[in-house]
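Enquirer: Reading the sequence shown from the start, the letters are residues 20 to 432 in the numbering used here.
Glycine included, each C-beta is placed from N, C-alpha and C at the ideal position.
Pasting a structure below so you can have a look.
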Amino acid sequence: MLKTYIAKMRLFSRNLWLVLIAMAMISFSYMGIFGAIFNLYLLRLGYGPEFVGQVNGSGWLIYALACLPAGLLSRRFGVRRMMILGEVLTVVGMVAVALSELIPGAWQREWILGSNLLAYVGGPLIWVNAAPVLMASTGPGEQEHAFSVQFALNPLAAFIGNVAGGLLPGVFGAMLGLSLHEAAPYRYALLVGALSLVIGVWALLAMAEVSMEQPKQGPTRGVAPYAIIIAIAAFYLVRAVGEFMVRTFYNVYMDAELGVPTAQIGAILGVVQLASAVAALVTPTLTARWGDVRTVITSVVASGLFVLPLALVPHWGAAAGSYLLMFAALAILRPSAMLYSQRRVRPEWRSLMSGAVELVWGTGGASASWLGGHLAATMGYAPMFGIAAGILVMAGLFFWACFGAKRTGIAIG
Numbered sequence: 020m021l022k023t024y025i026a027k028m029r030l031f032s033r034n035l036w037l038v039l040i041a042m043a044m045i046s047f048s049y050m051g052i053f054g055a056i057f058n059l060y061l062l063r064l065g066y067g068p069e070f071v072g073q074v075n076g077s078g079w080l081i082y083a084l085a086c087l088p089a090g091l092l093s094r095r096f097g098v099r100r101m102m103i104l105g106e107v108l109t110v111v112g113m114v115a116v117a118l119s120e121l122i123p124g125a126w127q128r129e130w131i132l133g134s135n136l137l138a139y140v141g142g143p144l145i146w147v148n149a150a151p152v153l154m155a156s157t158g159p160g161e162q163e164h165a166f167s168v169q170f171a172l173n174p175l176a177a178f179i180g181n182v183a184g185g186l187l188p189g190v191f192g193a194m195l196g197l198s199l200h201e202a203a204p205y206r207y208a209l210l211v212g213a214l215s216l217v218i219g220v221w222a223l224l225a226m227a228e229v230s231m232e233q234p235k236q237g238p239t240r241g242v243a244p245y246a247i248i249i250a251i252a253a254f255y256l257v258r259a260v261g262e263f264m265v266r267t268f269y270n271v272y273m274d275a276e277l278g279v280p281t282a283q284i285g286a287i288l289g290v291v292q293l294a295s296a297v298a299a300l301v302t303p304t305l306t307a308r309w310g311d312v313r314t315v316i317t318s319v320v321a322s323g324l325f326v327l328p329l330a331l332v333p334h335w336g337a338a339a340g341s342y343l344l345m346f347a348a349l350a351i352l353r354p355s356a357m358l359y360s361q362r363r364v365r366p367e368w369r370s371l372m373s374g375a376v377e378l379v380w381g382t383g384g385a386s387a388s389w390l391g392g393h394l395a396a397t398m399g400y401a402p403m404f405g406i407a408a409g410i411l412v413m414a415g416l417f418f419w420a421c422f423g424a425k426r427t428g429i430a431i432g
């Protein structure tokens, strides 16, 4: 398997490598450092799980609303320019969020919400274009490995970011003589994460413009494949709700309920991301043996079942193992589901498919953040995680009903 990857990666174009670097830096800074400690920063500022859910939910809502305009702007001005703009907006928003502690109390909540929204507005300009750019930058024989490399590099970068996020508050706390129960050490750590994303901006500036136009082969046949786009988007929506109910509140649960130290939370999240990187590389082997549909169904159902120990056993070891197994299953799911969604439609409809997926992904993230925050505050974290497990299993059953059952009639667009 390793020899195959090395052979395929030698065929990757310069543009493809630059896009992979840009995506990896987002994973390092936002999913890594910010993912490990941003919610903890909010707790140190004196906010509870409901406000954490509100911040994350409003971010994902604006992400969803920006997806379709992002696709239109990219068609008008070019994907490279819009991806650069997206990363710049994300950097500015992340820096502003990190400085929230300095804002007077009367304005602090609004500042946090507004700054976070700015960072999330940049996301669709990047992610809506990511899958079509990867498809346009690879040949048919490279696509499985290109997507798997992307979904392996992302958690690998997030692993480094998670570990850094867990350690940096302690480093800054020691330097400044501050306790980790104060917000300032987290502020400086978040600034490191925000400014590191400048490397991603550089990678996109060095990238050549990518043409999304397809060779002229006569008129486009038929209308947009709405049935398959809606079915795949619905799957992503259900899956996003289940996944983000766990992801958004996992570090809050570990900190507030189990009393796990910040550095240990960062280390756990880092190991989880590292395991995800390894799992993603197995995806081409599984899809070759099982096919895309069976791989998607098995991995998403498994992810739901793996959440159950998190809901049932109030111990950090069970929580860590549960989260690791869930993320490993999702790491196999992500490239297989994304590649399947792009292959099921013709090239001229791939941007529409990608935009629809990102739109419902943001909608699901917003819904999960608000719902999860409410459930955690009223019922507790364990019941909320149990509901999330059931939703993930439901997503797998829905995908099977649409694409795995022999009676399905959904055809390629």
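Mapping DSSP to helix, strand and coil, what is arginine 206?
Expert: Stepping through the sequence shown from its first residue, residue 206 is reached at position 187. Helix.
Enquirer: Ignoring anything shorter than 4 residues, give me the alpha helix (DSSP H) runs that lie fully in the segment 324-392, in order along the chain.
Expert: Runs of the alpha helix (DSSP H) inside the segment 324-392: 335-362.
Enquirer: Taking the alpha carbon of threonine 306 as the point to measure from, which residue in Ala193, Leu411, Ala356, Tyr205 has its own alpha carbon closest?
Expert: Taking the first residue of the sequence shown as position 1, residue 306 is located at position 287. That would be Ala356, whose Cα lies nearest to the Cα of threonine 306.
Enquirer: Rounded to whole angstroms, what is the Cα-Cα separation between alanine 85 and proline 143?
Expert: Position 66 of the sequence shown, counted from the start, is the residue given in the question as residue 85. Position 124 of the sequence shown, counted from the start, is the residue given in the question as residue 143. So the two alpha carbons sit approximately 6 Å from each other.
Enquirer: Go to proline 268, then tell me how far its alpha helix (DSSP H) extends in each direction, as first and last residue.
Expert: Within the sequence shown, residue 268 is the residue found at index 249, counting from 1. According to the sequence shown, residue 268 is phenylalanine rather than proline. 245-275 is the span of the alpha helix (DSSP H), which, as asked, contains phenylalanine 268.
Enquirer: Does DSSP put histidine 164 in a helix, a strand or coil?
Expert: Your numbering for residue 164 matches position 145 in the sequence shown. Looking at histidine 164 - three-state DSSP - the assignment turns out to be helix.
Enquirer: For threonine 157, does the three-state DSSP call read helix, strand or coil?
Expert: The sequence position of residue 157 within the sequence shown is 138, counting from 1. Threonine 157: coil per DSSP, three-state reduction.
Enquirer: Please state if the CB of asparagine 173 and the CB of methionine 42 are separated by a distance shorter than 8 Å.
Expert: As a position in the sequence shown, residue 42 is number 23, starting the count at 1. As a position in the sequence shown, residue 173 is number 154, starting the count at 1. Yes. Within cutoff.
Enquirer: Do the CB positions of leucine 324 and alanine 294 come within less than 8 Å of each other?
Expert: In the sequence shown, the residue the question calls residue 324 occupies position 305. In the sequence shown, the residue the question calls residue 294 occupies position 275. Going by C-beta atoms, leucine 324 is not nearer than 8 Å to alanine 294.
Enquirer: In this structure, how does DSSP classify proline 303 when only helix, strand and coil are distinguished?
Expert: Against the sequence shown, residue 303 aligns to sequence position 284. Proline 303: helix per DSSP, three-state reduction.
Enquirer: Helix, strand or coil for glutamate 129? Go by DSSP, reduced to three states.
Expert: As a working mapping, residue 129 is identified with position 110 in the sequence shown. Correct three-state label for glutamate 129: helix.
Enquirer: Going by DSSP in three states, valine 279 sits in which element: helix, strand or coil?
Expert: Here residue 279 is taken as the residue at index 260 of the sequence shown, counted from 1. The answer is coil: DSSP assigns valine 279 none of H, G, I, E or B.
Enquirer: Can you tell me where the alpha helix (DSSP H) holding tryptophan 79 begins and where it ends?
Expert: Against the sequence shown, residue 79 aligns to sequence position 60. Segment 68-96, the alpha helix (DSSP H) holding tryptophan 79.
Enquirer: Identify which residue in Ala414, Val182, Ala387, Met403 has its Cα closest to the Cα of tryptophan 79.
Expert: The sequence position of residue 79 within the sequence shown is 60, counting from 1. Among Ala414, Val182, Ala387, Met403, the Cα nearest to that of tryptophan 79 is on Ala387.
Enquirer: Does the Cβ of methionine 113 have 16 or more other Cβ atoms within 10 Å, making it buried, or fewer, making it exposed?
Expert: If you number the sequence shown from 1, residue 113 lands on position 94. Classification for methionine 113: buried.
Enquirer: Rounded to whole angstroms, what's the CA-CA distance from leucine 352 to glycine 196? Just pull it up for me.
Expert: Numbered from its first residue, the sequence shown carries residue 352 at position 333. Numbered from its first residue, the sequence shown carries residue 196 at position 177. Leucine 352 and glycine 196 have their C-alpha atoms roughly 44 Å apart.
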